[in-house]
């Protein structure tokens, strides 16, 4: 991964990310959603890029080895995660705090199974990743939605609304940080206020931090909520994974970090006999990307920054649309409420662009655009959106 390639990605192109596998007809969730092959998929949070070369080589070696039995985390993987938390976030964790899991959705569902009873309330700020909205009902708990607010062009938490919404039945907060879909990187001050709120109201936090290594704004920094102070760490389940950053979702490897031993024991009990361990290949590839994937990740960030700027500029030139510059993630949030159509998502599908519907995130009239694609595909999608808007 050369310096020359880095400079190319800053200009909007990088030979590694400009050329991707053809995914149509491969039973891809993303690419085979639409019966009409004309529709370009920009919906689910799944990037089109090849994973790091080291991942591809590791998969080849595993295939040549030819045995695909059960696996467990290697000491090297555990040490690497601990070192990563220390170096990136100045967060000291212990090996025993890590609970390995096969995915993030089951991980935060487990948090609700661990904590709270039927009839209890679960707070979450909306818009938010759709499984957050459905998880409480799985355990007969009630979702309490608190809208995010705009501070200029930046979405953030509405602490006054949180105070108004909280009741004695609120036992858990599902927190997305960095935020999907609005792309906010919460500041240390915001996290301190949130920690104070949760401590004051005796609320457990499940903090989904899967996008923590996808910070696009170079002046922003990710702080794990549990790193703010020991008191909030004692009531936080932190969820992380290499899958979004390094494009490994099909290999299912995630982990929870839980410092509170009693909470961790209850979490493990809740998963017993229901949620399996990660597949051996997922653990192997997590180790590979954490040890060798940083050059690839830096190139990816350059490419995504360029895609973000292109989308932000083009979308905000289209009448009826307002796009927000995502500080993190490869997902751009769009306000389409001023577009004179009944359903913006279906409208753009009819013009060949498949976006995520804001209704799925708890906010009708909005759209989410996936930037994890080639520059040429993004340009084609934006051209189609512009033509669609101009047709009104």
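In the numbering used here, the protein residues as written are 13 to 404. Note that CB positions come from ideal geometry on N, CA and C, so glycine has one too.
Inset, instruction - Return the chain-ordered list of same chain residues with a C-beta closer than 7 angstroms to the C-beta of residue 376, the five sequence neighbours on each side being excluded. - result: To locate residue 376, count along the chain shown from 1; it is residue 364. Closer than 7 angstroms at the Cβ level, and outside the excluded window around residue 376, lie 370.
Inset, instruction - Note the first and the last residue of the continuous beta strand (DSSP E) segment covering residue 341. - result: By 1-based counting over the chain shown, the position of residue 341 is 329. Unbroken run through residue 341: none, as it is neither H nor E.
Legend entry - residue 66 versus residue 296 - alpha carbon distance: Position 54 of the chain shown holds residue 66. Position 284 of the chain shown holds residue 296. Computed Cα separation, rounded: 11 angstroms.
Inset, instruction - Under 7 angstroms Cβ to Cβ from residue 264, same chain only, skipping five residues before and after it: list those, please. - result: Reading the chain shown from its first residue, position 252 is the one you call residue 264. The answer, listed in chain order, is 114, 115, 290, 291 and 294.
Legend entry - Pairwise C-alpha distance: residue 196 and residue 141: Within the chain shown, numbered from 1, the residue matching residue 141 stands at position 129. Within the chain shown, numbered from 1, the residue matching residue 196 stands at position 184. Straight-line Cα distance between these residues: approximately 13 angstroms.
Legend entry - Counterpart residues of residue 361 in DSSP-defined beta bridges: The residue labelled residue 361 in the question sits at position 349 within the chain shown. Answer is none; residue 361 lacks a bridge partner.
Legend entry - Cα-Cα separation between residue 17 and residue 52, rounded to whole angstroms: On the chain shown, position 5 is the one that residue 17 refers to. On the chain shown, position 40 is the one that residue 52 refers to. For residue 17, the pLDDT reaches just 41, beneath the cut-off of 50, and the residue's location in the model is therefore unreliable, although a value from the coordinates is still provided. Their backbone Cα atoms lie some 27 angstroms apart in a straight line.
Legend entry - Spatial distance of residue 168 from residue 57 (CA atoms): Start at 1 with the first residue of the chain shown, and residue 168 comes out as number 156. Start at 1 with the first residue of the chain shown, and residue 57 comes out as number 45. The alpha-carbon atoms of residue 168 and residue 57 are separated by roughly 21 angstroms.
Legend entry - Beta-carbon proximity list for residue 121, same chain, < 7 angstroms, skipping 5 on both sides: As a working mapping, residue 121 is identified with position 109 in the chain shown. Only 147 and 150 meet the Cβ criterion.
Legend entry - Any beta strand (DSSP E) of 3 or more consecutive residues that is wholly inside the stretch 95-160: 110-113, 133-138 and 154-159
Inset, instruction - Would you give the residue range spanned by the beta strand (DSSP E) that residue 268 belongs to? - result: Walking along the chain shown from the start, residue 268 turns up at place 256. Element bounds for residue 268: 266-269.
Inset, instruction - Have a look at residue 388 and residue 101 and give me their C-alpha separation to the nearest angstrom. - result: For the purposes of this step, residue 388 is identified with residue 376 of the chain shown, where counting begins at 1. For the purposes of this step, residue 101 is identified with residue 89 of the chain shown, where counting begins at 1. When rounded, the distance between both Cα atoms is 35 angstroms.
Inset, instruction - Starting from residue 379, follow the beta strand (DSSP E) in both directions and report where the run begins and ends. - result: As a position in the chain shown, residue 379 is number 367, starting the count at 1. Start and end: 378-382.
Inset, instruction - Leaving aside the five residues before and after residue 228 along the sequence, list all residues of the same chain whose C-beta is less than 7 angstroms from its C-beta, in chain order. - result: Translated into the one-based positions of the chain shown, residue 228 becomes position 216. Counting only Cβ-Cβ distances below 7 angstroms, and skipping sequence neighbours, we find 313, 316, 317, 320, 338, 339 and 340.
Inset, instruction - Could you tell me which residues DSSP pairs with residue 185 in its beta bridges? - result: Reading the chain shown from its first residue, position 173 is the one you call residue 185. Beta-bridge pairing links residue 185 to 135 and 217.
Inset, instruction - Write down the C-beta distance between residue 179 and residue 215 rounded to the nearest angstrom, noting that I regard them as a contact closer than 8 angstroms. - result: The sequence position of residue 179 within the chain shown is 167, counting from 1. The sequence position of residue 215 within the chain shown is 203, counting from 1. About 11 angstroms; that fails the 8 angstroms criterion.
Inset, instruction - Assuming residue 249 and residue 219 form a contact by the criterion Cβ under 8 angstroms, report the distance between their Cβ atoms to the nearest whole angstrom. - result: The residue given as residue 249 occupies position 237 in the chain shown. The residue given as residue 219 occupies position 207 in the chain shown. About 7 angstroms; that satisfies the 8 angstroms criterion.
Legend entry - Secondary structure of residue 366, DSSP reduced to three states: The residue labelled residue 366 in the question sits at position 354 within the chain shown. Looking at residue 366 - three-state DSSP - the assignment turns out to be strand.
Inset, instruction - Could you check the C-alpha separation between residue 59 and residue 383 for me, to the nearest Å? - result: The residue you call residue 59 lines up with position 47 of the chain shown. The residue you call residue 383 lines up with position 371 of the chain shown. Using only the alpha carbons, I get a separation of about 8 angstroms.
Legend entry - Contacting residues, own chain, Cβ-Cβ under 6 angstroms from residue 123 (five flanking each side not counted): Taking the chain shown and counting its residues from 1, one reaches residue 123 at position 111. Hits under 6 angstroms: 218 and 249.
Inset, instruction - Within the stretch 265-326, note down every full alpha helix (DSSP H) run reaching 4 residues or more, in order along the chain. - result: 273-283 and 292-304
Legend entry - For residue 334, the residue or residues it bridges with in DSSP: Numbered from 1 along the chain shown, position 322 holds the residue referred to as residue 334. Note: residue 334 sits in a beta bridge opposite 347.
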